[in-house]
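These protein sequence lines map, in sequence, to chains A, B and C.
Numbering-wise, the working numbering puts 908 at position 26 of the first sequence, and it's gapless, one number per residue.
Numbering-wise, the working numbering puts 385 at position 208 of the second sequence, and it's gapless, one number per residue.
Numbering-wise, the working numbering puts 140 at position 138 of the third sequence, and it's gapless, one number per residue.
A virtual CB, placed ideally from N, CA and C, is assigned to each residue, including glycine.
Because the structure is a prediction, the values reported are computed rather than measured.
Below is one structure, written out as structure tokens; comments come after it.
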Amino acid sequence: MNWINKLQTIDRRIIYILLLVVCAIPLVKPLGVPLQVTDMTRDVYDIIEGLEPEKDVVLLSFDYAPGAGLDAHIVPVAVVEHLAQRGIKWVSVSFNPEGPMMADLIIKDLESRGFKYGIDFANLGYLAGQETAIRLFALDCLTITTDTRGNKTTDLPVMQGIKTAKDFAFVHQFTSDDPAMWIRQAVDPMGLRYAVGIVTVSVPSAMPYYNSGQIKGLLGGLKAAAEYETLLGKPGRAVAMMDAQSMAHLLIIGFIFLGNLGYFLGKKQGK
Amino acid sequence: MRKEVPMLITFVVAIIVMLSSITTGPLPDVFKNHISPWMTIVSAFAVGLASVNLTRVHGQKISRKRDGWVYSLILLGSMFFYGIFRSYIEINPSNMAAAENYALCYNHILSPLSSGIWACLAFYVASSSYRAFRARSMEATILLVSAVVVMLGAAPIGAQIWSKFPAVQRWLMNVPNMTGQRGIIIGAAIGSFVTALRVLLGIERGHLGGTQ
Amino acid sequence: MSLVEGNIFGFWMFIVISVVAVWIMTQSKNGKFKVTLRRINGLEALEEAVGRATEMGKPVHYTPGLGDIVDNKAAETFAAMEILTYVADLSAKYSAELIVTIRQPNVFPLAQESVKQSFVAAGKPDMYQENTVRFISSNQDAYTSGVVGILHREQAAANIMAGLFMGESLLLAEAGAQIGAMQIAITASTTQLPFFVAACDYTIIGEELFAAGAYVSQDKVKMGGIAAQDYIKLAVMAVIVLGTILSTSGSDFIRVLLTK
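The following block contains the structure:
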């Protein structure tokens, strides 16, 4: 029957249009689907909750480019919000050439809210050399002599007392790539307390390190950011987008079901 | 000597780079002060060579007005515009207005274009899943069921349909998926090591030109 | 000069494994060690893909992935270059048009040289054109959109993707599926495997990427390297089993040794 064949060969444009519609509706009118917070997200939250505002400084490693999309960028937004809420100082460094720009986007927003560059946070910029650069920086943080605004690193109040990566209370990397570089070069050799924010598709590659305890917390993309917003008590963009994701998943499953229905009915008819 | 000299350089530099990351002493400084700058210089020349190729290929297309020559014109125009603009900023770092305008171009042209490409991924996942996930065999059925369970477990709606979906999804990701991934990662790491050893020792010479 | 704490065991393992690997490769070269590789369907299909392109009068598209040759994923790119040489040889043999798209500027001259040499060796130097090997962009997004555009405009009959891939894998594979190209993916990027499996006709996984060069050339030394890989893997498995038993019985010996 023609309609059985049609079930197996639905025009992809129909799929695309329907997907666009089901993703757009929750963004305009959120559905409010409740979110379960996972242990991986809660671990990062608990670490930051346990930090001391006057004493501890956190190192954030921005190792993703704009091309990684909102899935990568929304995680540091949530983490930095938590750090700002608790008054924890932080310093950013990047081993991806476009990383400093991503950090600057967050810094600009904080400065507009009254936080002070150099005192509450600083952006040390990009250090070339990938894995070797990570090791270099971990052993001597002053290897970067000036920050992205031309200030001497040693003159920044937030960098006082910081010589090696061990002087940071906590290291959090945001990456769209492999967290193993930080683990190999700094986390394991120096015993750093380290967590990673990673894009959703790379979460399985980071799981072995989380399960073995080398990564103390793992924030996997949009869902983790939504969970973090829930923990902060400030549901925002990420939570709204999870509704869109829920609808998209249901639609895809629906189409998979239709395709298989057509397949089995067609097979039965063929017999 | 055409192949022997590059092979010798490869061997010596590779040993220095390897030892510089695991030893104390003079080698880390040798890497940082001598080898790393050379890598940057060679990469810069490679970028130049690639840009020349782009200019020649697209320039020919424009001059012969082949199909789509307008896009080639836009490509070359954008490439030279960004290249010249960025070079100006590097030469005049105190010109904050230029730097801000560059950031404007980046944030309002390049960044949204990047996001647009990645947005296509969602649509491609949908059409690809619809086409590929058919229960044609036992393995295909297992793939299909796992995909559906993981999709439902990953999204908040799954927990509303059945409260155990997230737990099943986590088990699938942490146990069978992790098992397979670890095996592949270990195998690939060993494969990388032996391939690197072959390049180091000059057994692998495909990159120096020539057939198998 | 001394070894940094945490790297001592790794360094000595590097020495031991290198000696073992070189010994096995030497034995294989001298014919004292016979190595046979099991059949890998995806690699056998490379010739079929190029032949299909020739019959249809459409080009073969090849990409050696997004990796560079100066980072920690360089081995995957070198393996992809080996496969490129083989695909170029096949293209020359069957007189199929070949389009190679490159992301990394460092890889570009190597790819040019490999393809040119293959065509020259086959006695068909005229097959190599300026736009046979095309540098697209070092920006991942621009590269992806460029390749998708090429696939759609040129209507490639075969799409071969080998090497390191990241998030753009499905974009490339789905574009190839939309134009009805025969697709072969060869990668060790575990996060991209599901997308390739869903969209490609053949997917070659993990270390088979590194075995490809030996498989297609049947070179004795390279095949010895594959055998060395397998023996090293056996040793790793033995350490894992021993470590599991010791850890379960309360001994930290293996863990401490590995972190020395």
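Same chain, Cβ closer than 8 Å to B/F342, five either side skipped, listed in chain order = Sequence index remark: in the second sequence, residue 342 of chain B carries index 165 (1-based). For B/F342, where only same-chain residues beyond five positions count, the Cβ hits under 8 Å are V326, L329, G330, G335 and A336.
Below-7 Å beta-carbon distance, A/V957 vs any chain B residue = Your numbering for residue 957 of chain A matches position 75 in the first sequence. It does not; no Cβ of chain B falls within 7 Å.
Output, in chain order, the set of chain B residues within a Cβ distance shorter than 8 Å of C/K235.
-> As a working note, residue 235 of chain C is residue 233 in the third sequence. Under the 8 Å cutoff, chain B gives I363, G364 and I367.
Looking only at its own chain, which residues have a Cβ that is under 8 Å from the Cβ of A/A1122, when we skip the five neighbours before and after it?
-> Sequence index remark: in the first sequence, residue 1122 of chain A carries index 240 (1-based). Answer for A/A1122: P908, L909 and P912, listed in chain order.
How would you label B/W215, buried or exposed, when you count the other beta carbons within 10 angstroms and need 16 or more for buried?
-> Residue mapping note: residue 215 of chain B aligns to position 38 of the second sequence, counting from 1. Per the 10 Å Cβ criterion, exposed.
Length of the line joining the Cα atoms of B/I286 and C/S20 | One-based indexing of the second sequence puts residue 286 of chain B at position 109. One-based indexing of the third sequence puts residue 20 of chain C at position 18. Distance between the alpha carbons of B/I286 and C/S20: 49 Å.
Got a sec: which bits of the stretch 191-221 of chain C sit with their beta carbon under 7 Å from any beta carbon on chain A, in order along the chain?
-> T192 and T193
Can the beta-carbon of A/Q874 be found less than 7 Å from the beta-carbon of A/I1026?
-> Residue 874 of chain A lies beyond the stretch modelled for chain A, which goes from 883 to 1153, so this question has no answer here.
Sorted by chain position, which residues of the same chain lie with C-beta nearer than 8 Å to C/P107's C-beta, five sequence neighbours on each side aside?
-> On the third sequence, position 105 is the one that residue 107 of chain C refers to. F137 and S140.
DSSP beta-bridge partners for B/Y283?
-> For the purposes of this step, residue 283 of chain B is taken as the residue at position 106 of the second sequence. According to DSSP, which records beta bridges pairwise, B/Y283 is partnered with nothing at all.
Report yes if the CB atom of A/K1045 is closer than 7 Å to the CB atom of A/M1072, and no otherwise.
-> Stepping through the first sequence from its first residue, residue 1045 of chain A is reached at position 163. Stepping through the first sequence from its first residue, residue 1072 of chain A is reached at position 190. Going by C-beta atoms, A/K1045 is not nearer than 7 Å to A/M1072.
Test item: CB-CB of B/V189 and B/F208 under 7 Å | Stepping through the second sequence from its first residue, residue 189 of chain B is reached at position 12. Stepping through the second sequence from its first residue, residue 208 of chain B is reached at position 31. No; because the gap between Cβ atoms is not below 7 Å, this pair is not in contact.
Distance between A/I970 and A/E934 (C-alpha atoms, nearest Å) = For the purposes of this step, residue 934 of chain A is taken as residue 52 along the first sequence, with counting starting at 1. For the purposes of this step, residue 970 of chain A is taken as residue 88 along the first sequence, with counting starting at 1. Straight-line Cα distance between these residues: approximately 7 Å.
With a cut-off of 8 Å, do at least 3 Cβ pairs link the stretch 89-106 of chain C to the stretch 140-152 of chain C?
-> yes
For A/G1102, does the three-state DSSP call read helix, strand or coil?
-> Stepping through the first sequence from its first residue, residue 1102 of chain A is reached at position 220. Looking at A/G1102 - three-state DSSP - the assignment turns out to be strand.
Length of the line joining the Cα atoms of A/T891 and A/A966 = Your numbering for residue 891 of chain A matches position 9 in the first sequence. Your numbering for residue 966 of chain A matches position 84 in the first sequence. So the alpha carbons of these two residues sit roughly 52 Å apart.
Counting along the chain, where does the alpha helix (DSSP H) carrying B/R359 start and finish?
-> Here residue 359 of chain B refers to the residue found at position 182 when the second sequence is read from its first residue. B/R359 -> alpha helix (DSSP H) spans M355 to L377.
Beta carbon of C/H63, beta carbon of C/A216: below 7 Å?
-> Looking up residue 63 of chain C in the third sequence gives position 61. Looking up residue 216 of chain C in the third sequence gives position 214. Contact flag unset, no.
Given that C/F110 touches chain B, what residues does it touch there, using C-beta distances under 8 Å?
-> Your numbering for residue 110 of chain C matches position 108 in the third sequence. Simply A223, L226, A227 and N230.
Decide if the stretch 368-384 of chain B is in contact with the stretch 68-86 of chain C; the criterion is three or more beta carbon pairs, one per stretch, under 8 Å apart.
-> yes
Helix, strand or coil at B/Q389 [DSSP, three-state] | On the second sequence, residue 389 of chain B is found 212 positions in, with the first residue counted as 1. For B/Q389, the pLDDT reaches just 44, beneath the cut-off of 50, and the residue's location in the model is therefore unreliable, although a value from the coordinates is still provided. Correct three-state label for B/Q389: coil.
Between the stretch 129-147 of chain C and chain A, which residues of the former have a C-beta closer than 8 Å to a C-beta of the latter?
-> N141, Q142 and D143
Neighbouring residues, chain A, relative to B/L374 (Cβ below 7 Å) = By 1-based counting over the second sequence, the position of residue 374 of chain B is 197. Within chain A, no residue comes near B/L374; the closest Cβ sits about 19 Å away, beyond 7 Å.
Using alpha carbons as the reference points, say which of A/E980, A/P948, A/D991 and A/P1086 lies closest to B/P289.
-> As a working note, residue 289 of chain B is residue 112 in the second sequence. The residue with the shortest Cα to Cα distance from B/P289 is A/P948.
Between A/A1077, A/T1036, A/H955 and A/L902, which lies nearest to A/L941 when the distance is taken from Cα to Cα?
-> For the purposes of this step, residue 941 of chain A is identified with residue 59 of the first sequence, where counting begins at 1. Nearest option by C-alpha distance: A/A1077.
Go through its chain and collect everything with a Cβ distance to B/Y279's Cβ below 7 Å, but skip five positions before and after it.
-> The residue given as residue 279 of chain B occupies position 102 in the second sequence. Around B/Y279: F262, R263 and I266.
Count the other CB atoms, across all protein chains shown, that sit within 10 Å of the CB of C/G226; report buried if there are 16 or more and exposed otherwise.
-> Residue mapping note: residue 226 of chain C aligns to position 224 of the third sequence, counting from 1. The residue is buried, with at least 16 neighbouring Cβ atoms inside 10 Å.
State the Cα-Cα distance for the pair C/M58 and C/A183, rounded to the nearest angstrom.
-> For this step, residue 58 of chain C is matched to residue 56 along the third sequence. For this step, residue 183 of chain C is matched to residue 181 along the third sequence. Taking the straight line from one Cα to the other gives about 11 Å.
Which residues mark the beginning and the end of the alpha helix (DSSP H) in which A/G1148 is found?
-> What you label residue 1148 of chain A is simply residue 266 of the first sequence in a count that begins at 1. Segment R1119 to G1152, the alpha helix (DSSP H) holding A/G1148.
Tell whether a beta-carbon distance below 7 Å holds between C/S93 and C/V52.
-> The residue labelled residue 93 of chain C in the question sits at position 91 within the third sequence. The residue labelled residue 52 of chain C in the question sits at position 50 within the third sequence. In this structure, C/V52 lies closer than 7 Å to C/S93 by Cβ.
Exposed or buried, what is C/M3 when buried is set at 16 or more other beta-carbons lying within 10 Å of its beta-carbon?
-> As a first step, residue 3 of chain C is located in the third sequence; it is residue number 1 there, counting from the start. Exposed, since its Cβ has fewer than 16 Cβ neighbours within 10 Å.
Kindly list the residues whose CB is nearer than 8 Å to the CB of A/N887, restricted to its own chain and excluding five residues on each side of it in sequence; keep chain order.
-> Counting from one through the first sequence, the residue named residue 887 of chain A turns up at place 5. G1144 and G1148, listed in sequence order.
In angstroms, rounded to a whole number, what distance separates the CA positions of C/T261 and C/E49?
-> Counted from its first residue, the third sequence places residue 261 of chain C at position 259. Counted from its first residue, the third sequence places residue 49 of chain C at position 47. Going from the Cα of C/T261 to the Cα of C/E49 covers about 46 Å.
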